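Novice:
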Amino acid sequence: MKIWTYDKCVSVSELVSYELKRPSPLIMKEVCRALGNAAADDSKLLLLSSVGTVFCSGLEPSYLIGRLSTDRRKESSRIAEAVRDFVLAFIHFKKPIVVAINGPALGLGASILPLCDVVWASERAWFQTPCAALHLTPSGCSSYTFPQILGVALANEMLFCGRKLTAQEACSRGLVSQVFWPTTFNQEVMLRVKEMASCNAVVLEESKCLVRSILIPVLEEVNEKECQMLKQLWCSTKGLEALFSYMHSKTTEK
Amino acid sequence: MKIWTYDKCVSVSELVSYELKRPSPLIMKEVCRALGNAAADDSKLLLLSSVGTVFCSGLEPSYLIGRLSTDRRKESSRIAEAVRDFVLAFIHFKKPIVVAINGPALGLGASILPLCDVVWASERAWFQTPCAALHLTPSGCSSYTFPQILGVALANEMLFCGRKLTAQEACSRGLVSQVFWPTTFNQEVMLRVKEMASCNAVVLEESKCLVRSILIPVLEEVNEKECQMLKQLWCSTKGLEALFSYMHSKTTEK
Amino acid sequence: MKIWTYDKCVSVSELVSYELKRPSPLIMKEVCRALGNAAADDSKLLLLSSVGTVFCSGLEPSYLIGRLSTDRRKESSRIAEAVRDFVLAFIHFKKPIVVAINGPALGLGASILPLCDVVWASERAWFQTPCAALHLTPSGCSSYTFPQILGVALANEMLFCGRKLTAQEACSRGLVSQVFWPTTFNQEVMLRVKEMASCNAVVLEESKCLVRSILIPVLEEVNEKECQMLKQLWCSTKGLEALFSYMHSKTTEK
Chain A
1 MKIWTYDKCV SVSELVSYEL KRPSPLIMKE VCRALGNAAA DDSKLLLLSS VGTVFCSGLE
61 PSYLIGRLST DRRKESSRIA EAVRDFVLAF IHFKKPIVVA INGPALGLGA SILPLCDVVW
121 ASERAWFQTP CAALHLTPSG CSSYTFPQIL GVALANEMLF CGRKLTAQEA CSRGLVSQVF
181 WPTTFNQEVM LRVKEMASCN AVVLEESKCL VRSILIPVLE EVNEKECQML KQLWCSTKGL
241 EALFSYMHSK TTEK
Chain B
1 MKIWTYDKCV SVSELVSYEL KRPSPLIMKE VCRALGNAAA DDSKLLLLSS VGTVFCSGLE
61 PSYLIGRLST DRRKESSRIA EAVRDFVLAF IHFKKPIVVA INGPALGLGA SILPLCDVVW
121 ASERAWFQTP CAALHLTPSG CSSYTFPQIL GVALANEMLF CGRKLTAQEA CSRGLVSQVF
181 WPTTFNQEVM LRVKEMASCN AVVLEESKCL VRSILIPVLE EVNEKECQML KQLWCSTKGL
241 EALFSYMHSK TTEK
Chain C
1 MKIWTYDKCV SVSELVSYEL KRPSPLIMKE VCRALGNAAA DDSKLLLLSS VGTVFCSGLE
61 PSYLIGRLST DRRKESSRIA EAVRDFVLAF IHFKKPIVVA INGPALGLGA SILPLCDVVW
121 ASERAWFQTP CAALHLTPSG CSSYTFPQIL GVALANEMLF CGRKLTAQEA CSRGLVSQVF
181 WPTTFNQEVM LRVKEMASCN AVVLEESKCL VRSILIPVLE EVNEKECQML KQLWCSTKGL
241 EALFSYMHSK TTEK
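Protein chains in written order, with full-length UniProt numbering: chain A, 1 to 254; chain B, 1 to 254; chain C, 1 to 254.
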């Protein structure tokens, strides 16, 4: 995932370009810092996109196993707090966030989309939050935002059964607002971002404030609860066992 | 409607098999008791499905007329309380509820779907809540959940105008999460239920808790208000007259 | 836009017939008065439709420029208050409102649709709220209702980028509940309105009350905030400049 800010003079400046393809607490902290900088600079909006063919693969099970095996109590707190702060940074970001998804968006990479403002996807994108299979509970406020957007039945099918959504399905159900052809995806996105950036910065920020402010306390509460629950699961012996057995099943699948 | 629980060892055990095709206060009470048992046993999730070609036909107008004609005040309280407790049992059920709908789901049978967690339908299913035509106001929390899921315009068209939704329409609007071919419907459902039942029970229950807990006080309040209003209508002379004239129009239609 | 009431004896009586195609504070006040009358008469529901090919074009930029150029402070208050009261009249209207849209619905004409109860559109209708381009923030409670109905991504694309929705898109996303062929549009609407008007008035009003009452305090708050923000923008020098430059770009486009 790349973070760009779109500045006053309608040029794109690359702000951060580390990969969110495999978010770790370290990467998440860097993204928070980048969002902090983008909030303070004179850009009008933020563009999240990815380099390569993957948007975000979610938390790496092998990373989780590695960390939790060393010091379960301490590491579960550390990772849960990193997730919490990462999600909070999106909840509190005041400028519009445009997301351009050109490949698979899994786990946190899919969960945070409803915390962003405009979401465009390439035909090649797809979306999955296989949390239950990974012995995880929902994160990124998806326990609240997914039912709101997708309806409770589809949201739960994604969260409980790991249902994959194609770009077109995600669009027809409201997670994404428009789908573009892969070969012209970047042009289509930049065309629209430029037009959006021609709007007045105050109007963009105040419009976002009107749309979001009423939900912020709810999202903060949901995020807190979700991360508490993750910490509890990671702390438990069963949580670790489930991650091991998931890794094992993935290995034997291959 | 049948209620199954899906137990630890991934086998299906039939729990109750009376018909919810024509729910009466008696049947509704039995379902509450069955849900209570399912909550206490060691199953991971609940599967609601139906035998035959009808999922649920809603409250029977002739039953209502029969009861209300004898003692309007007492019977309107009794039936409204049965509906309230029936709906509350769904609101408070902590394990995931999977619904498999293979035929028409009317009235309460359609209204309670958003209180369940995953909803799959056969191509043969359809959905209708013709409450206004029956001189009834919405029930099953549909006055709250239908606008949330379907948008206010379609929700009201269903509640005020008795608009029928096909399985595909219900799916594209979010009431249902997936539609399957009638001949393979049961296999498709059981395949997915088995996979879901392979997840950890704590993860399933806590995920549901995250998705639902924030809404429970709202749903309780809505259910209370809806049942108060139903009681008031059933208590009134006009309410009874409307039921009679509906029955009459149905008879003359044939 | 025409306002009709649909009375007890299932005949249509024209109540108001001035054009809401270009709503001004004066027109908005007249609509409020008309809604007040319709609330008090013995009609069961209200039908909003339009004569000609346009449903509503939203606030006229040239009107805004004209008024704001004379006395920015006073006029910005006056217009913002007119919008606030106009929107409040829809929020508080107790009988079901049916809207029949046979052409473009822009700005306020699109924003207020979620405050109405059943929304039918002709294939010729389309929907747009190009507020950011006009240096305006959302109005008509669209900052709350659009994300609820369309999902946050599409809502923001409409509010920030001026995305146009066709009738079919608006229907598949929930803003509209059904689309009809232009040549038979009026018949289809009247057929359904007549059927709806055959329902009991108390049942219709109480059903609407159940669906709406829980949202009224939220909508009142959102409307207040939206109008405060509009007043602030209109009061500012930049706001006026943006309107001028929009007018200019429209003129040079032609």
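Using N, Cα and C, we set each Cβ at its ideal position, and we do this for glycine too.
Source: prediction; values computed, not measured.
(1) Does residue 206 of chain C have its Cβ less than 8 angstroms from a Cβ in chain B?
(2) Quick one, which of B:62, B:54 and B:38 has its alpha-carbon nearest residue 24 of chain B's?
(3) What does DSSP give as the partner residue(s) for residue 121 of chain C in the beta ladder?
(4) How big is the Cα-Cα spacing for residue 137 of chain A and residue 66 of chain A?
(5) Can you list, in chain order, the residues of the segment 179 to 192 of chain C whose Cβ is nearer than 8 angstroms to any Cβ on chain A?
(6) Along the segment 220 to 239 of chain C, what residues have a CB closer than 9 angstroms to any CB found in chain A?
(7) Give me the chain B residues within the contact set of residue 210 of chain C, using Cβ-Cβ distance strictly less than 7 angstroms, ordered along the chain.
(8) Using 8 angstroms as the cut-off, can you tell me whether the segment 76 to 91 of chain B makes contact with the segment 118 to 128 of chain A, which would need three or more C-beta pairs spanning the two stretches below that distance?
(9) Check distances from the C-beta atoms of the segment 148 to 171 of chain C to those of chain B and list, in chain order, the residues that come in under 7 angstroms.
(10) So is residue 250 of chain B in contact with chain A if we call contact Cβ pairs under 8 angstroms?
(11) In whole angstroms, what is the alpha-carbon distance linking residue 238 of chain B and residue 54 of chain C?
(12) Under three-state DSSP, which class holds residue 18 of chain A?
(13) Taking Cβ positions only, does residue 200 of chain B come closer than 8 angstroms to chain A?
(14) Please determine if the segment 190 to 207 of chain A and the segment 30 to 41 of chain A are in contact, where contact requires at least 3 C-beta pairs separated by less than 8 angstroms.
(15) Could you tell me the boundaries of the beta strand (DSSP E) in which residue 49 of chain C lies?
(16) Beta-carbon of residue 110 of chain C versus every beta-carbon of chain A: anything under 8 angstroms?
(17) Cα separation between residue 143 of chain C and residue 161 of chain C?
(18) Taking Cβ-Cβ distances shorter than 7 angstroms, what residues in chain B pair up with residue 114 of chain C?
(19) Among C:192, C:44 and C:45, which one has its Cα closest to the Cα of residue 177 of chain C?
(20) Can you grab the Cα-Cα spacing for the pair residue 101 of chain A / residue 47 of chain B, in whole Å?
(21) Buried or exposed: which applies to residue 248 of chain A, given that a residue is buried once 16 or more other Cβ atoms fall within 10 Å of its Cβ?
(22) In whole angstroms, what is the alpha-carbon distance linking residue 134 of chain A and residue 105 of chain C?
(23) Under a three-way DSSP split, which group does residue 9 of chain C fall into?
(24) Hey, out of C:182, C:116, C:184 and C:140, whose CA is closest to residue 154 of chain B's CA?
(25) With 16 other CB atoms within 10 Å as the buried threshold, where does residue 216 of chain B fall?
(26) Between which residues of its own chain and residue 77 of chain A is the CB-CB distance below 7 angstroms, once the five residues before and five after are set aside?
(27) Please report the straight-line C-alpha distance between residue 80 of chain B and residue 187 of chain B, rounded to a whole angstrom.
(28) If the criterion is Cβ atoms closer than 8 angstroms, does the pair residue 149 of chain A and residue 140 of chain C meet it?
(29) What residues in the segment 67 to 94 of chain A bring their beta carbon closer than 7 angstroms to a beta carbon of chain C?
(30) List the endpoints of the continuous beta strand (DSSP E) containing residue 160 of chain B.
(31) Excluding five sequence neighbours on each side, which residues of the same chain lie with their C-beta closer than 8 angstroms to the C-beta of residue 180 of chain C?
(32) Under the assumption that residue 28 of chain B contacts residue 83 of chain B (Cβ atoms under 8 angstroms), give the Cβ distance between them as a whole number of angstroms.
(33) Report the neighbours of residue 124 of chain B on chain C: residues whose CB is nearer than 7 angstroms to its CB, in chain order.
(34) Determine the DSSP secondary structure at residue 73 of chain C, reduced to helix, strand or coil.
(35) Could you tell me if residue 250 of chain C is buried or exposed, where buried requires 16 or more neighbouring beta carbons within 10 angstroms of its beta carbon?
(36) Restricting to Cα atoms, I'd like to know which of B:112, B:95 and B:103 is closest to residue 51 of chain B.
Specialist: With the structure as the only source:
(1) In the third sequence, residue 206 of chain C corresponds to position 206, counting from 1. Yes, its Cβ sits closer than 8 angstroms to a Cβ of chain B.
(2) Indexing the second sequence from 1 puts residue 24 of chain B at position 24. For residue 24 of chain B, the nearest C-alpha among the options comes from B:62.
(3) Stepping through the third sequence from its first residue, residue 121 of chain C is reached at position 121. According to DSSP, which records beta bridges pairwise, residue 121 of chain C is partnered with C:101 and C:179.
(4) Within the first sequence, residue 137 of chain A is the residue found at index 137, counting from 1. Within the first sequence, residue 66 of chain A is the residue found at index 66, counting from 1. Between residue 137 of chain A and residue 66 of chain A, the C-alpha separation is close to 20 angstroms.
(5) The residues in question: there are none.
(6) Per Cβ criterion, the list reads 221, 222, 225, 226, 229, 232, 233, 236, 238 and 239.
(7) Reading the third sequence from its first residue, position 210 is the one you call residue 210 of chain C. Those are 137, 138, 143, 225, 226 and 229, listed as they occur along chain B.
(8) The segment 76 to 91 of chain B vs the segment 118 to 128 of chain A: no contact.
(9) Within the segment 148 to 171 of chain C, the residues whose Cβ lies closer than 7 angstroms to any Cβ of chain B are, in chain order, 149.
(10) Position 250 of the second sequence, counted from the start, is the residue given in the question as residue 250 of chain B. Output row for residue 250 of chain B: interface = no.
(11) Indexing the second sequence from 1 puts residue 238 of chain B at position 238. Indexing the third sequence from 1 puts residue 54 of chain C at position 54. Residue 54 of chain C has its alpha-carbon roughly 41 angstroms from the corresponding atom of residue 238 of chain B.
(12) Numbered from 1 along the first sequence, position 18 holds the residue referred to as residue 18 of chain A. In this prediction, residue 18 of chain A scores a pLDDT of 47, lower than 50, which makes its location untrustworthy; no coordinate-derived value is stated.
(13) Translated into the one-based positions of the second sequence, residue 200 of chain B becomes position 200. Yes, because at least one Cβ of chain A sits closer than 8 angstroms to the Cβ of residue 200 of chain B.
(14) Contact between the segment 190 to 207 of chain A and the segment 30 to 41 of chain A is not established, with fewer than three Cβ pairs separated by less than 8 angstroms.
(15) In the third sequence, the residue the question calls residue 49 of chain C occupies position 49. Counting along the chain, the beta strand (DSSP E) containing residue 49 of chain C begins and ends at 43 to 49.
(16) For this step, residue 110 of chain C is matched to residue 110 along the third sequence. Cβ-Cβ to chain A under 8 angstroms: no for residue 110 of chain C.
(17) Along the third sequence, one-based indexing puts residue 143 of chain C at 143. Along the third sequence, one-based indexing puts residue 161 of chain C at 161. C-alpha separation (whole angstroms): 14 angstroms.
(18) Position 114 of the third sequence holds residue 114 of chain C. Against chain B, a Cβ distance below 7 angstroms from residue 114 of chain C picks out 152.
(19) As a first step, residue 177 of chain C must be located in the third sequence, where it is residue number 177. A check of alpha carbon separations from residue 177 of chain C across C:192, C:44 and C:45 identifies C:192 as the nearest.
(20) Position 101 of the first sequence holds residue 101 of chain A. Position 47 of the second sequence holds residue 47 of chain B. Those two C-alpha atoms are separated by around 36 angstroms.
(21) Position 248 of the first sequence, counting from 1, holds the residue named residue 248 of chain A. So residue 248 of chain A counts as exposed.
(22) Taking the first sequence and counting its residues from 1, the one referred to as residue 134 of chain A is at position 134. Taking the third sequence and counting its residues from 1, the one referred to as residue 105 of chain C is at position 105. Whole-angstrom Cα-Cα distance: 47 angstroms.
(23) Mapped onto the third sequence, residue 9 of chain C falls at position 9. Bear in mind that a pLDDT of 29 at residue 9 of chain C, under 50, signals an unreliable position, so the model cannot answer this.
(24) Your numbering for residue 154 of chain B matches position 154 in the second sequence. When only C-alpha atoms are compared, the closest one is C:116.
(25) One-based indexing of the second sequence puts residue 216 of chain B at position 216. With fewer than 16 other Cβ atoms within 10 Å, it is exposed.
(26) Here residue 77 of chain A corresponds to residue number 77 of the first sequence, with the count starting at 1. Excluding positions up to five away in sequence, the list reads 231.
(27) On the second sequence, residue 80 of chain B is found 80 positions in, with the first residue counted as 1. On the second sequence, residue 187 of chain B is found 187 positions in, with the first residue counted as 1. So the two alpha carbons sit approximately 37 angstroms from each other.
(28) Counting from 1 along the first sequence, the entry for residue 149 of chain A is found at position 149. Counting from 1 along the third sequence, the entry for residue 140 of chain C is found at position 140. No. Outside cutoff.
(29) Cβ contacts with chain C come from no residue of the segment 67 to 94 of chain A.
(30) One-based indexing of the second sequence puts residue 160 of chain B at position 160. For residue 160 of chain B, no beta strand (DSSP E) segment is defined; the enclosing uninterrupted segment is the alpha helix (DSSP H) at 152 to 161.
(31) For the purposes of this step, residue 180 of chain C is taken as the residue at position 180 of the third sequence. Cβ neighbours of residue 180 of chain C beyond the five flanking positions: 120, 121, 122, 123, 188 and 189.
(32) Taking the second sequence and counting its residues from 1, one reaches residue 28 of chain B at position 28. Taking the second sequence and counting its residues from 1, one reaches residue 83 of chain B at position 83. Contact between residue 28 of chain B and residue 83 of chain B holds: their C-beta atoms lie close to 7 angstroms from each other, under 8 angstroms.
(33) Counting from 1 along the second sequence, the entry for residue 124 of chain B is found at position 124. Simply none; closest approach about 22 angstroms.
(34) Indexing the third sequence from 1 puts residue 73 of chain C at position 73. In the structure shown, residue 73 of chain C adopts helical secondary structure according to DSSP, grouped into three states.
(35) Indexing the third sequence from 1 puts residue 250 of chain C at position 250. By the Cβ-count criterion, residue 250 of chain C is exposed, with fewer than 16 other Cβ atoms from all chains shown falling within 10 Å of its own Cβ.
(36) Stepping through the second sequence from its first residue, residue 51 of chain B is reached at position 51. Out of B:112, B:95 and B:103, B:103 has the C-alpha closest to the C-alpha of residue 51 of chain B.
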